[in-house]
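K.L.:
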Amino acid sequence: MGRCYRASYTSTSRRHQSTQPSKSVHTSAVMEAAAAPAQKASTPKVGHVKGRIVAVIGAVVDVQFDEGLPPILNGLEVTGRSPRLILEVSQHLGESVVRTIAMDGTEGLVRGQEVVDTGDPIKIPVGPETLGRIMNVIGEPID
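Be aware that the sequence shown starts at 355, since it is given in the working numbering, and climbs by one per residue.
#1: Find out if the Cβ-Cβ distance for the pair E449, L427 is shorter than 8 Å.
#2: Taking the beta strand (DSSP E) that A409 falls in, what are its first and last residues?
#3: Under three-state DSSP, which class holds E494?
#4: Counting C-beta neighbours from all protein chains within 10 Å, is the total for V415 16 or more, i.e. buried, or is it exposed?
#5: By DSSP, does P475 sit in helix, in strand, or in coil?
#6: Start and end of the beta strand (DSSP E) containing S444?
#7: Which class does V480 belong to by DSSP, given the choice of helix, strand or coil?
#8: Measuring CA to CA, which of V408, N490, G486 and A413 is closest to D420?
#9: Throw me the rounded Cβ distance for the V470 and L430 pair, which I believe falls under 8 Å.
#10: If I follow the unbroken beta strand (DSSP E) through E431, where does it start and stop?
#11: Less than 8 Å between the C-beta atoms of V452 and V417, yes or no?
#12: If you count every other CB in all the chains shown that lies within 10 Å of the CB of P495, and 16 or more means buried, which is it?
#13: Please classify R465: does DSSP put it in a helix, a strand, or coil?
#14: Taking the CB atoms as reference points, tell me whether D497 and R487 lie closer together than 8 Å.
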């Protein structure tokens, strides 16, 4: 698929700025995209931090980690769940606990369930393949 960009919210003052990329930005993006497959093959993601759910209140899920905390805005994936559930880290609460927002329903989540840090913020695919497609909040096509 095409490049992925980090999902983020923009302030209203930036919302009205031009969305046309400059030629230098486009050139560097093309060069970066061309180098991405080689880079991906040489640096696989290993050893992502694992945690466990300690509280679920609606769409808010608290997750405790034994070793290190994922950065704010990182995506976490609940393991052993179908359909896939992604959580976004929104706050560090202390005592190795992060507060997250679920990107889908939390029905069936239980305390102690394993969660894995994806190592990256939530990304949305972009490119010719996604033109005209309808995506959910984690970039999966829903049409």
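Ideal Cβ placement from N, Cα and C applies to all residues, glycine included.
P.N.:
Walking through what the data contain:
#1: Sequence index remark: in the sequence shown, residue 449 carries index 95 (1-based). Sequence index remark: in the sequence shown, residue 427 carries index 73 (1-based). No; because the gap between Cβ atoms is not below 8 Å, this pair is not in contact.
#2: Counted from its first residue, the sequence shown places residue 409 at position 55. Residues K404 to I411.
#3: Here the question's residue 494 lines up with position 140 in the sequence shown. Here E494 sits in coil by DSSP.
#4: Taking the sequence shown and counting its residues from 1, the one referred to as residue 415 is at position 61. The residue in question, V415, is buried, as its Cβ has 16 or more Cβ neighbours within 10 Å.
#5: On the sequence shown, residue 475 is found 121 positions in, with the first residue counted as 1. Of the three classes helix, strand and coil, the one that applies to P475 here is strand, per DSSP.
#6: Indexing the sequence shown from 1 puts residue 444 at position 90. Note, S444: beta strand (DSSP E), L439 to G448.
#7: One-based indexing of the sequence shown puts residue 480 at position 126. Annotated three-state conformation of V480 is coil, per DSSP.
#8: On the sequence shown, residue 420 is found 66 positions in, with the first residue counted as 1. Sorting V408, N490, G486 and A413 by C-alpha distance to the C-alpha of D420 places V408 at the top.
#9: Position 116 of the sequence shown, counted from the first residue, corresponds to residue 470. Position 76 of the sequence shown, counted from the first residue, corresponds to residue 430. Indeed they touch by this definition, with Cβ atoms about 7 Å apart.
#10: On the sequence shown, residue 431 is found 77 positions in, with the first residue counted as 1. Element bounds for E431: N428 to V432.
#11: Mapped onto the sequence shown, residue 452 falls at position 98. Mapped onto the sequence shown, residue 417 falls at position 63. Against a cut-off of 8 Å, the Cβ pair of V417 and V452 comes out as a contact.
#12: Translated into positions along the sequence shown, residue 495 becomes position 141. Counting other Cβ atoms within 10 Å of its Cβ, P495 stays below 16 and is therefore classed as exposed.
#13: Locating residue 465 in the sequence shown gives position 111, where the first residue counts as 1. In the three-state reduction of the DSSP assignment, R465 falls in the coil class.
#14: Within the sequence shown, the letter at position 143 stands for residue 497. Within the sequence shown, the letter at position 133 stands for residue 487. Closer than 8 Å, so yes.
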